[in-house]
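For what it's worth, the numbering used here labels the leading residue of the sequence shown as 2, then goes sequentially. Just so it is clear, CB atoms sit at the ideal spot from N, CA and C, and this is done for glycine as well.
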Amino acid sequence: MSSEDRKRIVILPSYNSGRLLAETARAVLAVWQPVWVVLDGSTDESVGEIQDLARTEPGLSVIHLTENLGKGGASLVAMEAAAKAGYTHALLMDADGQHPAQEVAPFMELSREHPKAMILGEPVFGPEAPAERVKGRRVGNWFANLETLWGGIRDSLFGFRLYPLKPAIKIMRSIRTGRRFDFDTELAVRLYWAGVEPINRPVPVKYPEKSDGGVTHFRYLRDNLLLVTTHTRLCILLFPRLWRVWQLRRKWLSPRDI
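Okay, structure coming up:
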């Protein structure tokens, strides 16, 4: 592992992810270390399982939050701790078995080649993907494209992403929003506004069945209302930034898709 690789970390934010948390952590540890798991107020069996795994895996660390802060809040805690420990980049991925561990190394390689960019996963859905999740995200993606003047964010909701920590933390500290389901959308758009180039890479995604340990905390009405509020706010905030965003759009007229 190169000196640059040692500055890159994988973060798994988790809230009651069941047995798939430990399975996901094992899969990631096989291809990349270190891995940090953030237990975001979890109370299920995943807590004991991941703590047991951490006792036998030196590359695994666990941050246990007693209060549920939401995905964005928990991710910020981990990103701040990672930056304090000397890491420069963090790959965030879901802990519920949706994202393939084999994509971690290619994302890290892209980050080495483009250290100032955010590397965004573009989901490739299988036939088992819930139709409402696949179709519903099209509206959100359209608004994210509007907010960046079609500047290259291929998917605004996908949680498999690699961020440069310094600008990501700066943005998250400057706002009170983006702490829950709105985290992935708001951070990507605001990073774009801040001049962080998006680079997209297709990533297969699967939705494990309940019989396989699949867990979802997605609430259709609640989470979609949150996204409506988020996009309304971002569209309003776009207006004073139009010239700046247009300049970035011209700079990245042909966003790099890998």
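State the beta-bridge partners of residue i as determined by DSSP.
| i | result |
| --- | --- |
| E123 | P203 |
| W151 | In DSSP, W151 forms no bridge with anything. |
| Y164 | A91 |
| W37 | I12, S62 |
Tell me which residues share the same chain as residue i and place their Cβ nearer than 8 Å to its Cβ, disregarding the 5 neighbours each side in the sequence.
| i | result |
| --- | --- |
| T44 | N17 |
| W253 | G152, G153, E198, P199 |
| R189 | In the sequence as presented, Arg is not what sits at residue 189; that position holds Ala. Counting only Cβ-Cβ distances below 8 Å, and skipping sequence neighbours, we find M119, L121, A145, I154, S157, R162, P199. |
| F159 | L121, G122, E123, P124, D185, V204, V206 |
| G141 | S157, L158, T186, L228, H232 |
| R202 | E104, P107, F108, L111, I120, L121, G122, E123, D258, I259 |
By Cβ distance, which residues of its chain are closer than 6 Å to residue i, with the 5 residues on each side in sequence left out?
| i | result |
| --- | --- |
| Q34 | G60 |
| W208 | Checking the displayed sequence, the identity of residue 208 turns out to be Tyr instead of Trp. For Y208, where only same-chain residues beyond five positions count, the Cβ hits under 6 Å are E129, A130. |
| H65 | L40 |
| E5 | R113 |
| G42 | L66, E68, N69 |
| R138 | L158 |
Locate the beta strand (DSSP E) running through residue i, then write down its first and last residues.
| i | result |
| --- | --- |
| I176 | No beta strand (DSSP E) holds I176; DSSP gives it neither H nor E. |
How many angstroms separate the CA atom of residue i from the CA atom of residue j?
| i | j | result |
| --- | --- | --- |
| I10 | L238 | 32 Å |
| W37 | L228 | 27 Å |
| P241 | W247 | 11 Å |
| H260 | P14 | The first residue shown for the chain is 2 and the last is 259, placing residue 260 beyond what the model contains. |
| Y164 | W194 | 14 Å |
| D97 | V32 | 17 Å |
| R245 | G49 | 48 Å |
| S175 | L235 | 14 Å |
| E148 | R250 | 11 Å |
| E24 | L93 | 16 Å |
| I12 | G196 | 24 Å |
Over the uninterrupted alpha helix (DSSP H) stretch that includes residue i, give me the two end residues.
| i | result |
| --- | --- |
| L249 | 243-252 |
| W194 | 184-194 |
| T302 | A query on residue 302 cannot be resolved here, the shown segment of the chain reaching from 2 to 259 and no further. |
| Q103 | Where Q103 is concerned, there is no enclosing alpha helix (DSSP H), given that its DSSP letter is neither H nor E. |
| R56 | 47-57 |
| A84 | 71-85 |
Could you check which residue in the options has the C-alpha nearest to that of residue i?
| i | options | result |
| --- | --- | --- |
| R191 | R223, L150, V204 | L150 |
| R134 | R251, K8, L22, D224 | D224 |
| G179 | F126, L243, L77 | L77 |
| R27 | K8, E58, R7, G49 | E58 |
| A83 | L166, G127, S3 | L166 |
| K85 | G196, S3, K8 | K8 |
| L226 | C236, L235, D183 | D183 |
| S62 | K72, S175, A79, T89 | A79 |
| D95 | G73, Y88, G87 | G73 |
| E260 | M173, R177, L222, R181 | With the chain represented from 2 up to 259, any question about residue 260 goes unanswered, as that position is not in the structure. |
| P168 | H90, L21, G127 | H90 |
With a threshold of 6 Å, establish whether the CB of residue i neighbours any heavy atom of the ligand MG.
| i | result |
| --- | --- |
| L111 | Of the ligands one can find in the structure shown there are none, so the ligand MG has no counterpart to examine. |
Tell me which residues share the same chain as residue i and place their Cβ nearer than 7 Å to its Cβ, disregarding the 5 neighbours each side in the sequence.
| i | result |
| --- | --- |
| R177 | none |
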